[in-house]
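**Q**
Residue numbers (our numbering), protein chains in the order written: chain U, 137 to 322; chain G, 4 to 137.
1) Check the Cβ-Cβ distances between residue 124 of chain G and every residue of chain U, and say whether any is below 9 Å.
2) Under the three-state reduction of DSSP, which class applies to residue 155 of chain U: helix, strand or coil?
3) Is there contact here, the segment 68–80 of chain G with the segment 247–258 of chain U, by at least three beta-carbon pairs under 8 Å?
4) What does the alpha-carbon distance come out to for the pair residue 222 of chain U and residue 265 of chain U?
5) Which residues in chain U have a C-beta closer than 8 Å to the C-beta of residue 25 of chain G? List them in chain order.
6) Could you give the distance in angstroms between the alpha-carbon of residue 193 of chain G and the alpha-carbon of residue 290 of chain U?
7) In chain G, which residues lie less than 9 Å from residue 287 of chain U when you measure between Cβ atoms?
8) Should residue 116 of chain G go down as buried or exposed, given a rule of 16 or more other Cβ atoms within 10 Å for buried?
9) Is there a C-beta anywhere in chain U that falls below 9 Å from the one on residue 57 of chain G?
10) When you compare the CB positions of residue 278 of chain U and residue 205 of chain U, do they come within less than 9 Å of one another, or not?
11) Going along the segment 218–234 of chain U in order, which residues come within less than 8 Å of chain G, judged by CB to CB distance?
12) Please list, in chain order, the chain G residues whose beta carbon lies closer than 9 Å to that of residue 216 of chain U.
13) At a Cβ cut of 8 Å, what residues of the segment 185–207 of chain U count as close to chain G, listed as they run along the chain?
14) Is the CB-CB distance between residue 210 of chain U and residue 15 of chain G below 9 Å?
15) Tell me whether the beta-carbon of residue 6 of chain G lies closer than 9 Å to the beta-carbon of residue 167 of chain U.
16) How would you label residue 149 of chain U, buried or exposed, when you count the other beta carbons within 10 angstroms and need 16 or more for buried?
17) In the DSSP assignment, the alpha helix (DSSP H) including residue 58 of chain G goes from what residue to what residue?
18) Determine the chain U residues that contact residue 16 of chain G at a beta-carbon separation under 7 Å, and present them in chain order.
19) Answer with yes or no whether the minimum CB distance from residue 258 of chain U to chain G is below 9 Å.
20) Roughly how far, in whole angstroms, is the beta-carbon of residue 135 of chain G from the beta-carbon of residue 124 of chain G, given that I think they are within contact range, below 8 Å?
21) Assuming residue 220 of chain U and residue 56 of chain G are in contact, meaning their beta carbons sit under 8 Å apart, how far apart are those beta carbons, in whole angstroms?
22) Taking 9 Å as the threshold (C-beta atoms), are residue 245 of chain U and residue 21 of chain G in contact?
23) Who does residue 22 of chain G pair with in a DSSP beta bridge?
24) Output the boundary residues of the beta strand (DSSP E) element that contains residue 90 of chain G.
25) I need the straight-line Cα distance from residue 215 of chain U to residue 187 of chain U, nearest angstrom please.
26) Which chain G residues are close to residue 242 of chain U, counting only those with a beta carbon under 7 Å from its beta carbon?
27) Please determine, among U:174, U:229 and U:193, the residue with the shortest C-alpha to C-alpha distance to residue 238 of chain U.
28) Just curious, the beta strand (DSSP E) that residue 209 of chain U is in, first and last residue?
29) Just the C-alpha distance for residue 104 of chain G and residue 155 of chain U, rounded to the nearest angstrom, thanks.
30) Let me confirm a value: residue 74 of chain G is counted as buried when at least 16 other C-beta atoms fall within 10 Å, else exposed. Which label applies?
31) Output the boundary residues of the alpha helix (DSSP H) element that contains residue 70 of chain G.
32) Using the three-state DSSP reduction, which class does residue 232 of chain U fall into: helix, strand or coil?
33) Tell me, to the nearest whole angstrom, how far the beta carbon of residue 182 of chain G is from that of residue 84 of chain G; I am working on the premise that it is less than 8 Å.
And the structure:
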């Protein structure tokens, strides 16, 4: 039995031809650093729950990924963030949905798991719970980046398509019409 | 969407998922990420799973839990269970995306049916490995 951490930063229309090398290096460096941090926690006999919480928190703090800072925009030009966490030892779980004032949604999900008898909170109730539990709260524009906003504008200009997080990236890079989300290269 | 799964030295599994949703989504639309069993699941007896992709399909297939169920009831090893969910069941409904998973023995799986998936893993004491494309 070998302690291990695995992370993901989303899936989609990611191709070598569409990604410039500098941006690719930034993605690889971020993934590498976050995996390494997770390994450090496990190596110090930290729990799997702590390792995944910290890994996802770091992913939320990185504007390259669609969670926390760098989250995509809704049709209304707002953010709606969701997160969940589950402990395999006890089958305890915590989740929040539809929030935009909690800096780290995964910490809120973890708090739901640890400090409430419930599994899921949404919207205003989730934010009230997070605030009462002392979690860091921010203004919604904390999560906004210009790149994501440009993706929204292009999606709305191109037949109002709904895009997966990384499908929107290629659309922005190529300056073309939004990709067909059913287009697959598997 | 982002996620992490881990197995610790005590043999415990955990999974976590977080997302900003989909660009231009309708306000109030929720995907698989906060839904236990769809975008996130962990059970010490089987596996920890975090999913990413077209949320509606991962919800309808209860994708994360399905990996665990295939292992527990059909005795599939992790690699086969994860591939069956992503490359057959999700794809059959027109879903795009992937998942990461680790089982109670430390085996890992990172299948995806899309063009790429930002991913990485690291066993304690070994070098971290990251990937983007196929």
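Think of the CB as a built atom: it goes at the ideal place given N, C-alpha and C, for glycine as much as any other residue.
**A** According to the data block:
1) yes
2) coil
3) no
4) 19 Å
5) 208, 298, 299, 300 and 301
6) Absent from the structure is residue 193 of chain G, since the part of chain G shown begins at 4 and ends at 137.
7) 26 and 27
8) buried
9) yes
10) yes
11) 218, 219, 220, 221, 222, 223, 224, 225, 227, 229, 231, 232, 233 and 234
12) 23, 24, 28, 30, 31, 32 and 33
13) 185, 187, 188, 189, 191, 192, 195, 196, 201, 202, 203, 204, 206 and 207
14) no
15) no
16) buried
17) 58–63
18) 184 and 224
19) yes
20) Incorrect: roughly 14 Å between the Cβ atoms, too far for contact.
21) Not a contact, Cβ separation roughly 15 Å.
22) yes
23) U:218
24) Residue 90 of chain G -> no beta strand (DSSP E), and no H or E assigned at all.
25) 26 Å
26) 19 and 21
27) U:193
28) First-last for residue 209 of chain U: undefined, no H or E at that position.
29) 26 Å
30) buried
31) 66–76
32) strand
33) Residue numbering for chain G in the displayed model covers 4 to 137; residue 182 of chain G lies beyond these limits and cannot be assessed.
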